[in-house]
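For the sequence shown, the residue numbers in the numbering used here are 319 to 378. In what follows, a single structure is set out as structure tokens and then discussed.
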Amino acid sequence: MPLEDYAKYWQTMKDFRDRFSAHRESGYNEPVPYFAIAHNVALHYVSWLEKYNTMPSLEK
């Protein structure tokens, strides 16, 4: 996904969070954003953390 498209998607998600999910702005009547992209971003972030996490484990 090109950076420009992702920035637009991110703004849509942020607006949804700010105006509906977190603050319940009266009169907010936009469609719920498509969450699959956000889910994929979160999965990639977890993969990155697993690969580059250098903190010692608490498990022995």
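We put the beta carbon where it would ideally sit given N, CA and C, even for glycine. Just so you know, these numbers come straight off a predicted model, no measurement behind them.
What number of angstroms, rounded off, separates the C-alpha of residue i from the C-alpha of residue j?
i: Tyr346; j: Asn371; result: 40 Å
i: Asp323; j: Pro374; result: 37 Å
i: Lys369; j: Ala325; result: 26 Å
Do residue i and residue j have their CB atoms nearer than 7 Å?
i: Phe338; j: Pro351; result: no
Which of the three DSSP states, helix, strand or coil, is assigned to residue i?
i: Ser365; result: helix
i: Ala325; result: helix
i: Met319; result: coil
i: Asn358; result: helix
i: Arg342; result: coil
i: Tyr370; result: helix
Going by Cα to Cα distance, which pick from the options is closest to residue i?
i: Thr330; options: Lys369, Pro349, His362, Ala340; result: Pro349
i: Met319; options: Ile355, Ser344, Arg342; result: Ile355
Beta-carbon within less than 8 Å of residue i's beta-carbon, same chain only, minus the 5 sequence neighbours each way: which residues are those?
i: Val364; result: none
Could you pull out every residue in the same chain whose Cβ sits closer than 6 Å to the Cβ of residue i, ignoring the five residues on either side in sequence?
i: Glu343; result: Arg337
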